[in-house]
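Residue numbers (the working numbering): 142 to 217.
Where is the CB? At the ideal position from N, CA and C, for every residue including glycine.
Remember, predicted model here, so these are calculated numbers, not experimental data.
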Amino acid sequence: MTELTNTCPRCGAAFTCGMQAGASACWCAAFPAAFAVPGANEVAAEAGCYCPRCLAALIEQKQASRARADPPSASD
Ligand SMILES: [Zn+2]
142 MTELTNTCPR
152 CGAAFTCGMQ
162 AGASACWCAA
172 FPAAFAVPGA
182 NEVAAEAGCY
192 CPRCLAALIE
202 QKQASRARAD
212 PPSASD
C-alpha cells in the first residue's frame with residue numbers, strides 16, 4: 142500500500158495521489174482529461190484532487206448534466 146497523500150475535499154476519504162507519492166503518473170490520468178471543471182479548480186487549488194470514487198462520480202455527473210443540456214446528435 143502506498144502512502145496516503147491526499148484527503149478528498151468531497152467525502153474526506155484519504156487516498157494517494159500518484160504525482161505526490163513520487164510516481165511519474167497518477168491513477169487520475171486514466172480518467173477523462175475533460176475533467177477541467179469550473180468549480181473543481183476552486184477546490185483543487187487547496188486540496189489537490191478528489192479521491193478515485195468521487196472523481197468518477199463527478200465525471201458521471203458532469204457527463205449527465207452535459208447530456209441533458211446538449212443532447213448528443215445522432216447525425217453528427
Ligand atoms: Zn472522495
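Which residues DSSP lists as bridging residue i, in chain order
i: ALA155; result: THR148
Supposed contact pair residue j and residue i - C-beta distance, whole angstroms, cut 8 Å
i: CYS152; j: CYS195; result: 6 Å
i: GLN161; j: THR148; result: With a Cβ gap of about 12 Å, GLN161 and THR148 do not count as contacting.
Ligand 1 heavy atom lying under 6 Å from the CB of residue i
i: ARG209; result: no
i: CYS192; result: yes
i: CYS169; result: no
i: CYS158; result: no
i: ALA155; result: no
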